Ligand code: PGA
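Residue numbers (the numbering used here): 281 to 500.
What follows is the structure in structure tokens.
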């Protein structure tokens, strides 16, 4: 089971409170060093595809590795929604990060309108078509309508999407979208759910710990 906490543009808990937890933390860039120094498995929330150059505001894979960061998210729906991220730029980021030696969690998922119009599988097929299997590639299925909304896919919905994703690309698949201590067991208990990408609930030490403890009880 892989549990990753996505702190988004929040400060997050004191990294020292998380020492010993079997989890990944994805803090904002400004907290990466502090998390690495506390001994946490630390991933960035994004990574650029070039190793250096005139790309104001971007951070490259070699820069992250130099800090002791071991992986990065790519293609989070908030990047796709607000920052013009496309399937092609997600693919470029993932490829460059993997080539440089980082682990990658690539996020996919449909919007509410896409789900309601029966487009979920087509969207996932399109988002996955640009990615190739890799030993260090993990996917995160994050239905956009469940992110930060308190709405969660039912365990059955998550299982169906994860099984579909795995039929297209051989990689572990995390579920993300309003994972909380009280729904973690049902979601993580599904055979094709290999972990969770946790946003809001990772900002609170106790709820993040509770999710990690639930994950530890579930045989992988
Ligand atoms: P949430 O966020 O748990 O707050 O819904 C998940 C994510 O965006 O990764």
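C-beta atoms are modelled at their ideal positions from N, C-alpha and C, and glycine is treated no differently.
Please read these numbers as outputs of a predicted model, since none were measured by experiment.
The residues 327, 331, 376, 377, 380, 382, in chain order, have a CB closer than 7 angstroms to that of residue 341 in the same chain once the five nearest residues on each side in sequence are set aside. Annotation: the continuous alpha helix (DSSP H) that includes residue 496 extends over 485-497. Inside the region 298-371, DSSP marks whole alpha helix (DSSP H) runs of 4 or more residues at positions 312-317, 341-347, 357-362, from first to last along the chain. Per the Cβ contact rule, the region 391-405 is in contact with the region 424-433 (3 or more Cβ pairs under 8 angstroms).
Per DSSP, residue 473 is not a residue of any beta strand (DSSP E), being assigned neither H nor E. Taking all protein chains shown into account, residue 366 has fewer than 16 neighbouring C-beta atoms within 10 Å of its C-beta and is therefore exposed.
Here residue 450 has 413 as same chain residues with Cβ atoms under 8 angstroms from its own Cβ, once five neighbours each way along the sequence are excluded. Inclusion of residue 323 and residue 284 in the CB contact set at 8 angstroms is warranted, their separation being smaller than that value.
Listed in chain order, the non-local C-beta contacts of residue 301 below 7 angstroms within the same chain comprise 489, 492, local neighbours out to five positions each way being set aside. For residue 393, the enclosing alpha helix (DSSP H) stretches over residues 392-396.
For residue 404, the enclosing alpha helix (DSSP H) covers residues 400-409.
Only buried fits residue 463, as 16 or more other CB atoms lie within 10 angstroms of its CB. Relative to the Cα of residue 347, the nearest Cα in the group 373, 334, 362, 318 belongs to 318.
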